[in-house]
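For reference, the structure discussed in these notes is given below.
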Amino acid sequence: MKILAIETSCDETALAILSVKGKKFKIEAHQIASQIALHTQYGGVFPMMAKREHSRNIVPLFLTTLKEAKIFRQVESRKLKVESQIRKLLAREQDMVEPFLTEIAKIKKPKIDRITVTVGPGLEPALWVGINFAKALSVAWNIPLVPVNHMEGHVLSALIKEQIEQVTSGKSGALHKCSLKVESQPLIQLKFPVISLLVSGGHTEIVLVKGIGKYKLVGQTRDDAAGEAFDKVARMLGLPYPGGPEISRLASQSRNQLRIRNEKLGIKELTPNTKNQTPISLPRPMIGTPDFDFSFSGLKTAVLYMLRDLGGVEKITDDTKAEIAREFEDAVVDVLIKKTLAAAKKYKAHTVIVGGGVSANNELTRRMTAKLAEEKIQLLLPTKKLSTDNAVMIGIAGSLGKKVALTSKKLIANGNLAL
Ligand code: KG4
Ligand code: ZN
């Protein structure tokens, strides 16, 4: 079975083709057109701008995806029988409709058995682009559609093991090729229950996974998501969007400096005592509460007050900026680890899966790895390229569990879709 997967919930237009033979999976194509360079200029993602970029990028990216999967065949252009139906479906996608009709009319229908597409949660205008594209293809080529929850994709992104990696990255305009080679292999088999920590720009959740498709939300943020806090604090520190990688880079610089300083003082390890040699200290919100909820908005405010007390971000040295980044990262990581471990123990989980963009954070994964090893709990992490938004995870989710294929009428975007 060949699956085309589509993801447009936020600021990445992502397409993938997977082939599934029995229990074996192979990534035939994995493409991402990132809008980050554009959104960086504005310090965040504006839904209508994201929608426009998805509409412009999705058709060319689709052709590249078919080529990468080696299922692209051109034929002489002919008029599509279903053209008027497609025009109706794409009535709200003015940037996409003509390129879609022109290109599809010249392509021989490839062997694709199923189209899986993210229907939520995410930015609704952005989600609709992927959904309408999927519907139009489904009608043009008569292929069934399977709706996928983006968060389920993040949970299941950890099931694929990367083998050979080929990076062809280079930013040429909006298109940013990001390839990942995974030969045919079985997915990692889970022993349930599993606890999943989902940490992204829009979500911070602890999910109890009782089986594929059986999810129960046991905790979540009461205000900002962890990734959102990284992005907002980065902005306060004058760092570009997305803030996670930037904060992480500064924090690791500061950790190295601290290590060197401590070595000089004869202190071997970074213990809390050796860390707190500076007045840079932030709260660990809700770390002591017995629930599995989070709150990051107060932490962000604490950084704001700290900067004000230091005389403003323009007044602080680069070293202090890096120290704030380190302390902020430590605060977030402390809380995430404490709550995840508590949930894993309460539900007697064999495995913890960390998914979502913030799972790319080195300090989080380094410390989570050490902590769970102590507790003899298995940790599964997505390979770096599948930790932020991608379509491979949507393809995996769309092929597992009892997914029902739908006709195009029934597919709608739901920005707040729950797991
Ligand atoms: O899952 P994702 O790609 O998109 C959403 O569904 O939101 O997550 C994006 C988020 C952003 O907030 C970004 O700052 C954060 O993930 N992020 C990181 C790192 N890389 C990405 N946060 C902390 N450390 C990182 N290395
Ligand atoms: Zn995501």
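Converting from the sequence shown to the numbering used here requires adding 6 to each position, the first position being numbered 1.
For glycine and all other residues, C-beta sits at the position ideal for the given N, C-alpha and C.
Item	Value
Would you report the Cα separation of F198 and L423, rounded to the nearest angstrom?	24 angstroms
Report back the beta-carbon spacing between A39 and T19 to the nearest angstrom; my notes put them in contact at under 8 angstroms.	4 angstroms
Please list the terminal residues of the continuous beta strand (DSSP E) segment that includes G361.	357-361
Specify the secondary structure class of G225 as computed by DSSP and reduced to three states.	strand
Using only the alpha-carbon positions, how far apart do C16 and G294 sit?	33 angstroms
What is the residue span of the beta strand (DSSP E) that R120 lies within?	120-126
Please name the residue in L378, E59, L133, L143 whose C-alpha comes closest to that of L111.	Inspection of the sequence shows that residue 111 is occupied by Ala rather than by Leu. A111 has its Cα closest to that of L143, out of L378, E59, L133, L143.
Exposed or buried, which one is R261 when buried takes at least 16 other CB atoms within 10 Å?	buried
Mind reading off the beta-carbon distance from T375 to L385? Whole number of angstroms is fine, and I expect it under 8 angstroms.	6 angstroms
Along the beta strand (DSSP E) that carries Q195, what are the first and last residues, could you check?	Per DSSP, Q195 belongs to no beta strand (DSSP E) and is neither H nor E.
Using alpha carbons as the reference points, say which of T323, N155, G249 lies closest to V51.	G249
Who are the near neighbours of E171 in its chain, counting only those whose CB is closer than 6 angstroms to its CB and skipping five residues on each side?	Any reading at E171 is ruled out, since the residue's pLDDT is 43, under 50, leaving its predicted position unreliable.
Beta carbon of S190, beta carbon of K76: below 8 angstroms?	no
Could you check what DSSP says for S175 in three-state terms: helix, strand or coil?	Note that S175 scores 43 on pLDDT, short of 50, meaning its location in the model is unreliable; the coordinates nonetheless yield the value given after this. Coil, per DSSP.
What is the DSSP secondary structure of N396, counted as helix, strand or coil?	coil
Rounded to a whole number of angstroms, what is the C-alpha to C-alpha distance between S206 and N367?	11 angstroms
Roughly how many whole angstroms lie between the Cα atoms of K141 and K415?	8 angstroms
By how many angstroms is the C-alpha of A397 removed from the C-alpha of D315?	44 angstroms
With DSSP as the reference, please indicate the residues paired to K352 in a beta bridge.	BP columns for K352 are empty, so no partner.
Based on the DSSP output, what are the partners of S40 in its beta bridges?	E18
Can S206 be considered in contact with ligand 2, in the sense that its beta carbon sits closer than 7 angstroms to one or more heavy atoms?	yes
Check whether the region 98-111 touches the region 49-69, taking contact to mean three or more Cβ pairs, one atom from each stretch, closer than 8 angstroms.	yes
Would you say T46 faces chain C, with C-beta separation under 8 angstroms as the test?	Note that chain C does not occur in the displayed structure, where there is just one protein chain.
Which whole runs of the alpha helix (DSSP H) in the region 290-351 are 4 residues long or more, in chain order?	303-315
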